[in-house]
Amino acid sequence: MSTLTRPKTEAVATTPGTLRGSVRVVLRVHRRSLRTLGAVVLLPVFWMVGLSLWTDRIAERFAASGCSVENTVTNCGATVRDYLDAEMMQSDTQSWAGLLMMALPALVGAFVAGPAIARELEIGTFRLSWSQSVSPARWLAAKLLVLAVLTVAAASVLASVCAWFWSRDADAYYSNGWFEWSVYGTTGTVPVAYALLGLALGTLAGVLVRRTVAAMAATAVTYGLVLATFNTVRDSLWPIRTDVFAVGSRYVFPKDSWPVAQGYVTSAGERLPVEICLSSERDLVDCLATHDSSQRYLDHHPASHYWPLQLVETGILLALAALAVFAAFRVLRRLHG
(Lines of atoms letter the chains of each structure in order from A and count residues from 1; the text may use other names and numbers.)
(Lines give C-alpha, C1' and ligand atoms only; values in the text may rest on other atoms or scores of the structure.)
Protein backbone atom coordinates (compact mmCIF):
# COMPACT_ATOMS: atom_id res chain seq x y z
CA MET A 1 0.00 0.00 0.00
CA SER A 2 1.59 3.19 -1.13
CA THR A 3 2.40 6.05 1.24
CA LEU A 4 0.32 9.17 0.90
CA THR A 5 2.47 12.20 0.14
CA ARG A 6 1.67 15.86 -0.12
CA PRO A 7 1.93 17.05 -3.73
CA LYS A 8 4.56 19.68 -4.45
CA THR A 9 2.64 22.92 -4.62
CA GLU A 10 3.33 26.46 -3.64
CA ALA A 11 2.77 26.97 0.10
CA VAL A 12 -0.21 29.02 1.14
CA ALA A 13 -0.18 30.83 4.46
CA THR A 14 -2.36 29.31 7.12
CA THR A 15 -5.06 31.59 8.38
CA PRO A 16 -7.02 31.43 11.64
CA GLY A 17 -10.17 30.60 9.69
CA THR A 18 -8.74 27.48 8.02
CA LEU A 19 -10.46 25.08 10.38
CA ARG A 20 -13.72 27.00 10.11
CA GLY A 21 -13.51 26.82 6.35
CA SER A 22 -12.79 23.11 6.50
CA VAL A 23 -15.89 22.64 8.63
CA ARG A 24 -18.03 24.40 6.01
CA VAL A 25 -16.54 22.20 3.30
CA VAL A 26 -17.38 19.04 5.27
CA LEU A 27 -20.96 20.18 5.79
CA ARG A 28 -21.39 20.95 2.09
CA VAL A 29 -19.71 17.84 0.67
CA HIS A 30 -21.48 15.39 2.97
CA ARG A 31 -24.81 17.16 3.27
CA ARG A 32 -26.77 14.23 1.83
CA SER A 33 -25.43 11.75 4.39
CA LEU A 34 -26.02 14.25 7.19
CA ARG A 35 -29.59 14.91 6.03
CA THR A 36 -30.24 11.17 5.98
CA LEU A 37 -28.92 10.87 9.51
CA GLY A 38 -31.23 13.69 10.58
CA ALA A 39 -34.21 11.96 9.01
CA VAL A 40 -33.33 8.67 10.73
CA VAL A 41 -33.45 10.50 14.08
CA LEU A 42 -36.41 12.83 13.55
CA LEU A 43 -38.88 10.31 12.13
CA PRO A 44 -38.85 8.07 15.27
CA VAL A 45 -39.11 11.20 17.44
CA PHE A 46 -42.23 12.38 15.61
CA TRP A 47 -43.68 8.88 15.75
CA MET A 48 -43.16 8.51 19.52
CA VAL A 49 -44.61 11.95 20.27
CA GLY A 50 -47.63 11.31 18.02
CA LEU A 51 -48.16 7.83 19.48
CA SER A 52 -48.04 9.24 23.01
CA LEU A 53 -50.75 11.78 22.21
CA TRP A 54 -52.91 9.07 20.65
CA THR A 55 -52.48 6.62 23.54
CA ASP A 56 -53.30 9.41 26.01
CA ARG A 57 -56.71 9.76 24.37
CA ILE A 58 -57.23 5.99 24.49
CA ALA A 59 -56.23 5.87 28.16
CA GLU A 60 -58.54 8.75 29.07
CA ARG A 61 -61.42 7.07 27.29
CA PHE A 62 -60.65 3.80 29.07
CA ALA A 63 -60.47 5.49 32.51
CA ALA A 64 -63.79 7.27 31.91
CA SER A 65 -65.54 4.08 30.80
CA GLY A 66 -65.29 2.37 34.18
CA CYS A 67 -64.06 -0.80 32.47
CA SER A 68 -61.42 -3.08 33.96
CA VAL A 69 -58.72 -5.22 32.39
CA GLU A 70 -58.63 -7.72 35.27
CA ASN A 71 -62.38 -8.33 35.49
CA THR A 72 -64.86 -8.96 32.72
CA VAL A 73 -67.42 -6.17 32.53
CA THR A 74 -70.45 -6.13 30.25
CA ASN A 75 -70.03 -4.11 27.01
CA CYS A 76 -66.36 -3.41 27.77
CA GLY A 77 -64.74 -5.82 25.32
CA ALA A 78 -63.99 -3.28 22.59
CA THR A 79 -62.83 -0.62 25.05
CA VAL A 80 -60.44 -2.97 26.85
CA ARG A 81 -59.15 -4.32 23.54
CA ASP A 82 -58.43 -0.82 22.22
CA TYR A 83 -56.64 0.07 25.46
CA LEU A 84 -54.46 -3.06 25.47
CA ASP A 85 -53.69 -2.64 21.76
CA ALA A 86 -52.45 0.89 22.46
CA GLU A 87 -50.32 -0.37 25.35
CA MET A 88 -48.86 -3.10 23.15
CA MET A 89 -48.08 -0.59 20.40
CA GLN A 90 -46.14 1.52 22.90
CA SER A 91 -44.12 -1.51 23.99
CA ASP A 92 -43.43 -2.50 20.38
CA THR A 93 -42.34 1.05 19.57
CA GLN A 94 -39.89 0.99 22.48
CA SER A 95 -38.46 -2.27 21.12
CA TRP A 96 -38.10 -0.85 17.62
CA ALA A 97 -36.45 2.25 19.06
CA GLY A 98 -33.97 -0.07 20.79
CA LEU A 99 -33.11 -1.72 17.49
CA LEU A 100 -32.68 1.68 15.85
CA MET A 101 -30.42 2.93 18.63
CA MET A 102 -28.43 -0.28 18.39
CA ALA A 103 -27.92 0.25 14.67
CA LEU A 104 -27.37 4.03 14.77
CA PRO A 105 -23.65 3.89 15.73
CA ALA A 106 -22.99 1.42 12.93
CA LEU A 107 -24.81 3.72 10.50
CA VAL A 108 -22.83 6.73 11.70
CA GLY A 109 -19.54 4.90 11.42
CA ALA A 110 -20.21 3.02 8.21
CA PHE A 111 -22.18 5.54 6.16
CA VAL A 112 -20.84 8.84 7.48
CA ALA A 113 -17.35 8.53 8.95
CA GLY A 114 -16.22 5.80 6.53
CA PRO A 115 -17.14 7.52 3.25
CA ALA A 116 -16.23 10.96 4.59
CA ILE A 117 -12.65 9.84 5.15
CA ALA A 118 -12.00 6.64 3.21
CA ARG A 119 -13.49 7.97 -0.03
CA GLU A 120 -11.29 11.08 -0.05
CA LEU A 121 -8.21 8.96 0.61
CA GLU A 122 -9.31 6.49 -2.05
CA ILE A 123 -9.90 8.96 -4.89
CA GLY A 124 -7.22 11.44 -3.84
CA THR A 125 -9.30 14.57 -3.18
CA PHE A 126 -7.53 14.96 0.15
CA ARG A 127 -4.57 16.40 -1.77
CA LEU A 128 -6.54 19.54 -2.58
CA SER A 129 -7.07 20.26 1.13
CA TRP A 130 -3.52 19.35 2.08
CA SER A 131 -2.15 21.64 -0.65
CA GLN A 132 -3.99 24.62 0.89
CA SER A 133 -1.82 24.63 4.00
CA VAL A 134 -4.27 22.33 5.79
CA SER A 135 -2.29 19.72 7.67
CA PRO A 136 -3.52 16.10 7.75
CA ALA A 137 -4.29 16.49 11.46
CA ARG A 138 -6.37 19.62 10.86
CA TRP A 139 -8.07 18.00 7.88
CA LEU A 140 -9.13 15.04 10.01
CA ALA A 141 -9.98 17.25 13.01
CA ALA A 142 -12.39 19.33 10.92
CA LYS A 143 -14.23 16.23 9.77
CA LEU A 144 -14.39 14.77 13.26
CA LEU A 145 -15.55 18.05 14.79
CA VAL A 146 -18.53 18.29 12.47
CA LEU A 147 -19.46 14.63 12.69
CA ALA A 148 -18.97 14.43 16.47
CA VAL A 149 -21.14 17.46 17.20
CA LEU A 150 -23.94 16.23 14.94
CA THR A 151 -23.65 12.68 16.28
CA VAL A 152 -23.86 13.78 19.92
CA ALA A 153 -26.81 16.04 19.13
CA ALA A 154 -28.70 13.32 17.25
CA ALA A 155 -28.05 10.60 19.83
CA SER A 156 -28.89 12.91 22.73
CA VAL A 157 -32.22 13.98 21.21
CA LEU A 158 -33.22 10.42 20.42
CA ALA A 159 -32.14 9.14 23.86
CA SER A 160 -34.02 11.93 25.64
CA VAL A 161 -37.22 11.25 23.73
CA CYS A 162 -36.88 7.49 24.32
CA ALA A 163 -36.40 8.08 28.06
CA TRP A 164 -39.49 10.29 28.15
CA PHE A 165 -41.45 7.76 26.13
CA TRP A 166 -40.46 4.85 28.40
CA SER A 167 -41.19 6.82 31.60
CA ARG A 168 -44.78 7.21 30.42
CA ASP A 169 -44.99 3.47 29.78
CA ALA A 170 -43.00 2.17 32.78
CA ASP A 171 -46.05 0.90 34.69
CA ALA A 172 -48.04 -0.32 31.70
CA TYR A 173 -49.11 -3.91 31.17
CA TYR A 174 -46.53 -4.59 28.50
CA SER A 175 -43.73 -2.40 29.82
CA ASN A 176 -40.11 -3.37 29.18
CA GLY A 177 -37.71 -3.57 32.13
CA TRP A 178 -34.98 -0.96 32.54
CA PHE A 179 -32.31 -3.63 32.00
CA GLU A 180 -33.60 -4.71 28.58
CA TRP A 181 -31.76 -3.24 25.63
CA SER A 182 -34.93 -1.56 24.35
CA VAL A 183 -34.74 0.65 27.46
CA TYR A 184 -31.16 0.48 28.74
CA GLY A 185 -29.68 1.00 25.29
CA THR A 186 -31.98 3.88 24.38
CA THR A 187 -31.79 5.97 27.55
CA GLY A 188 -29.11 7.56 29.69
CA THR A 189 -25.56 8.19 28.49
CA VAL A 190 -24.85 4.84 26.85
CA PRO A 191 -26.50 5.66 23.47
CA VAL A 192 -24.34 8.76 23.05
CA ALA A 193 -21.19 6.83 23.95
CA TYR A 194 -22.00 4.06 21.45
CA ALA A 195 -22.67 6.65 18.73
CA LEU A 196 -19.30 8.30 19.35
CA LEU A 197 -17.60 4.90 19.35
CA GLY A 198 -19.20 4.12 15.99
CA LEU A 199 -17.88 7.43 14.65
CA ALA A 200 -14.39 6.71 16.00
CA LEU A 201 -14.34 3.18 14.57
CA GLY A 202 -15.46 4.49 11.19
CA THR A 203 -12.70 7.09 11.28
CA LEU A 204 -10.02 4.54 12.14
CA ALA A 205 -11.28 2.09 9.51
CA GLY A 206 -11.32 4.83 6.87
CA VAL A 207 -7.71 5.83 7.61
CA LEU A 208 -6.46 2.25 7.82
CA VAL A 209 -8.31 0.68 4.88
CA ARG A 210 -8.68 3.75 2.60
CA ARG A 211 -11.34 1.94 0.56
CA THR A 212 -14.91 3.11 1.05
CA VAL A 213 -16.83 -0.18 0.93
CA ALA A 214 -14.16 -2.11 2.83
CA ALA A 215 -14.02 0.60 5.51
CA MET A 216 -17.80 0.51 5.92
CA ALA A 217 -17.76 -3.27 6.31
CA ALA A 218 -14.87 -3.18 8.78
CA THR A 219 -16.70 -0.55 10.87
CA ALA A 220 -19.92 -2.55 11.01
CA VAL A 221 -18.15 -5.79 11.96
CA THR A 222 -15.99 -4.17 14.64
CA TYR A 223 -18.92 -2.33 16.16
CA GLY A 224 -20.97 -5.54 16.18
CA LEU A 225 -18.22 -7.33 18.10
CA VAL A 226 -18.03 -4.53 20.67
CA LEU A 227 -21.80 -4.51 21.11
CA ALA A 228 -21.96 -8.29 21.51
CA THR A 229 -19.16 -8.19 24.08
CA PHE A 230 -20.85 -5.58 26.26
CA ASN A 231 -24.19 -7.37 26.03
CA THR A 232 -22.39 -10.41 27.45
CA VAL A 233 -20.42 -8.76 30.25
CA ARG A 234 -22.73 -5.87 31.19
CA ASP A 235 -24.02 -7.51 34.36
CA SER A 236 -20.45 -7.71 35.69
CA LEU A 237 -19.65 -4.01 35.22
CA TRP A 238 -20.97 -3.26 38.72
CA PRO A 239 -21.02 -5.46 41.86
CA ILE A 240 -24.04 -7.76 41.88
CA ARG A 241 -26.31 -7.90 44.92
CA THR A 242 -26.99 -11.39 46.30
CA ASP A 243 -30.02 -12.32 48.40
CA VAL A 244 -30.03 -15.65 50.30
CA PHE A 245 -33.29 -16.92 51.79
CA ALA A 246 -34.78 -20.15 53.08
CA VAL A 247 -36.66 -22.42 50.71
CA GLY A 248 -40.38 -21.91 51.27
CA SER A 249 -39.96 -18.51 52.90
CA ARG A 250 -42.03 -15.49 51.94
CA TYR A 251 -39.19 -13.82 50.14
CA VAL A 252 -40.44 -11.17 47.71
CA PHE A 253 -38.47 -10.54 44.55
CA PRO A 254 -37.23 -6.92 44.56
CA LYS A 255 -39.37 -4.78 42.30
CA ASP A 256 -37.75 -3.67 39.03
CA SER A 257 -34.60 -5.70 39.71
CA TRP A 258 -32.57 -7.33 36.96
CA PRO A 259 -32.27 -11.07 37.78
CA VAL A 260 -28.83 -12.34 36.81
CA ALA A 261 -28.58 -15.82 38.36
CA GLN A 262 -30.43 -17.98 40.88
CA GLY A 263 -30.22 -21.40 42.43
CA TYR A 264 -29.62 -23.16 45.74
CA VAL A 265 -26.87 -22.93 48.35
CA THR A 266 -25.45 -25.77 50.44
CA SER A 267 -24.50 -25.40 54.09
CA ALA A 268 -20.87 -25.14 52.93
CA GLY A 269 -21.71 -22.21 50.64
CA GLU A 270 -21.53 -24.18 47.38
CA ARG A 271 -23.95 -23.04 44.71
CA LEU A 272 -26.27 -25.51 43.02
CA PRO A 273 -28.18 -24.93 39.75
CA VAL A 274 -31.85 -24.05 40.03
CA GLU A 275 -32.89 -27.09 37.98
CA ILE A 276 -31.07 -29.63 40.19
CA CYS A 277 -34.31 -31.11 41.56
CA LEU A 278 -36.60 -30.59 38.59
CA SER A 279 -36.22 -34.15 37.31
CA SER A 280 -36.39 -35.73 40.76
CA GLU A 281 -39.50 -37.64 41.85
CA ARG A 282 -38.86 -36.66 45.47
CA ASP A 283 -40.36 -33.74 47.26
CA LEU A 284 -38.34 -30.56 46.73
CA VAL A 285 -37.33 -30.34 50.39
CA ASP A 286 -36.25 -34.00 50.47
CA CYS A 287 -34.35 -33.61 47.22
CA LEU A 288 -32.49 -30.56 48.50
CA ALA A 289 -31.75 -32.31 51.77
CA THR A 290 -29.82 -34.97 49.87
CA HIS A 291 -27.68 -32.11 48.48
CA ASP A 292 -27.28 -30.51 51.92
CA SER A 293 -29.24 -27.44 50.91
CA SER A 294 -32.17 -25.58 52.41
CA GLN A 295 -31.60 -22.10 51.01
CA ARG A 296 -31.90 -20.32 47.69
CA TYR A 297 -29.86 -17.45 46.31
CA LEU A 298 -30.66 -14.69 43.84
CA ASP A 299 -28.06 -12.55 42.08
CA HIS A 300 -29.62 -9.35 40.80
CA HIS A 301 -29.11 -5.70 39.99
CA PRO A 302 -31.66 -3.48 41.72
CA ALA A 303 -33.04 -0.49 39.87
CA SER A 304 -30.58 1.72 41.77
CA HIS A 305 -27.75 0.13 39.75
CA TYR A 306 -29.04 1.66 36.52
CA TRP A 307 -26.83 4.76 36.65
CA PRO A 308 -23.67 3.03 37.93
CA LEU A 309 -23.92 0.52 35.08
CA GLN A 310 -24.61 3.30 32.58
CA LEU A 311 -21.68 5.45 33.70
CA VAL A 312 -19.16 2.59 33.85
CA GLU A 313 -20.11 1.38 30.38
CA THR A 314 -20.09 4.94 29.06
CA GLY A 315 -16.61 5.53 30.44
CA ILE A 316 -15.23 2.37 28.83
CA LEU A 317 -16.85 3.20 25.48
CA LEU A 318 -15.52 6.75 25.48
CA ALA A 319 -12.04 5.46 26.33
CA LEU A 320 -12.22 3.04 23.38
CA ALA A 321 -13.43 5.87 21.13
CA ALA A 322 -10.55 8.10 22.24
CA LEU A 323 -8.03 5.32 21.56
CA ALA A 324 -9.49 4.76 18.09
CA VAL A 325 -9.29 8.47 17.24
CA PHE A 326 -5.76 8.72 18.60
CA ALA A 327 -4.75 5.72 16.49
CA ALA A 328 -6.36 7.31 13.41
CA PHE A 329 -4.29 10.49 13.86
CA ARG A 330 -1.10 8.46 14.32
CA VAL A 331 -1.78 6.39 11.19
CA LEU A 332 -2.59 9.49 9.15
CA ARG A 333 0.59 11.25 10.30
CA ARG A 334 2.64 8.18 9.40
CA LEU A 335 1.03 7.98 5.96
CA HIS A 336 1.70 11.66 5.34
CA GLY A 337 5.25 11.49 6.57
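Just so we're aligned, residue 162 is where the sequence shown starts under this note's numbering, counting upward by one. Glycine included, each C-beta is placed from N, C-alpha and C at the ideal position.
Excluding the 5 residues flanking it on each side, Gly270 has same chain C-beta neighbours closer than 7 Å at Gly359, Leu360, Leu362, Gly363, Thr380 and Tyr384, in chain order. Checking the DSSP bridge columns, you'll see Pro420 partnered with His461. The shortest CA-to-CA distance from Phe223 to any of Pro420, Thr240, Pro415 and Glu281 is the one to Thr240. Using a Cβ distance threshold of 8 Å, Val202 and Ala315 count as a contacting pair. Rounded to the nearest whole angstrom, the CA to CA distance from Ser321 to Leu445 is 48 Å. For Ala407, the enclosing beta strand (DSSP E) starts and ends at Arg402 to Ala407.
With a contact defined as Cβ atoms closer than 8 Å, Ala274 and Leu308 qualify at about 6 Å. Secondary structure remark: continuous alpha helix (DSSP H) runs of at least 4 residues inside the region 325 to 372, in chain order: 342 to 345 and 351 to 370.
In the same chain as Phe406, and ignoring 5 residues on each side of it, the C-beta atoms closer than 7 Å to its own belong to Tyr412, Gln456 and Arg457, in chain order. For the 8 Å CB-CB criterion, Leu493 and Pro297 form a contact.
When the Cα atoms are used, Pro463 and Leu261 turn out to be separated by approximately 26 Å. Annotation: the continuous beta strand (DSSP E) that includes Arg432 extends over Arg432 to Pro434.
Taking Leu319 as the centre and dropping the five residues before and after it, the same chain places the C-beta of Val202 closer than 6 Å to its C-beta, in chain order. Contact annotation, Met249 with Trp342: C-beta distance approximately 19 Å; criterion of less than 8 Å not satisfied.
Residue state for Val210 is assigned as helix, using DSSP reduced to three classes. Counting along the chain, no alpha helix (DSSP H) covers Ser296, and no H or E run does either. Note on geometry: alpha-carbon atoms of Leu472 and Tyr244 lie some 36 Å from one another. Gln456 has Ala407 and Val426 as its beta-bridge partners, per DSSP.
Under the three-state reduction of DSSP, Arg495 is assigned to helix. Setting aside the 5 residues that flank it on each side, Val206 is surrounded in the same chain by Val318, Leu319 and Val322, each with a C-beta closer than 7 Å to its C-beta; the list follows chain order. When the alpha-carbon of Leu357 is set against those of Ser252, Val486, Arg443 and Asp217, the nearest one is in Val486.
When the five nearest sequence neighbours on each side are left out, the beta carbons in the same chain lying within less than 6 Å of the beta carbon of Leu459 are those of Asp404 and Gln423, in order along the chain. If you draw a straight line from the Cα of Arg280 to the Cα of Gly367, it comes to about 8 Å. Cβ-Cβ distances below 6 Å link Thr451 to nothing in the same chain once the five nearest sequence neighbours on each side are left out.
Our two residues, Asp217 and Glu231, have alpha carbons roughly 20 Å apart in a direct line.
Remark: C-beta atoms of Gly259 and Thr350 do not approach each other more closely than 8 Å. Out of Trp215, Phe272 and Ala303, the CA that lies nearest to the CA of Phe490 is found in Ala303.
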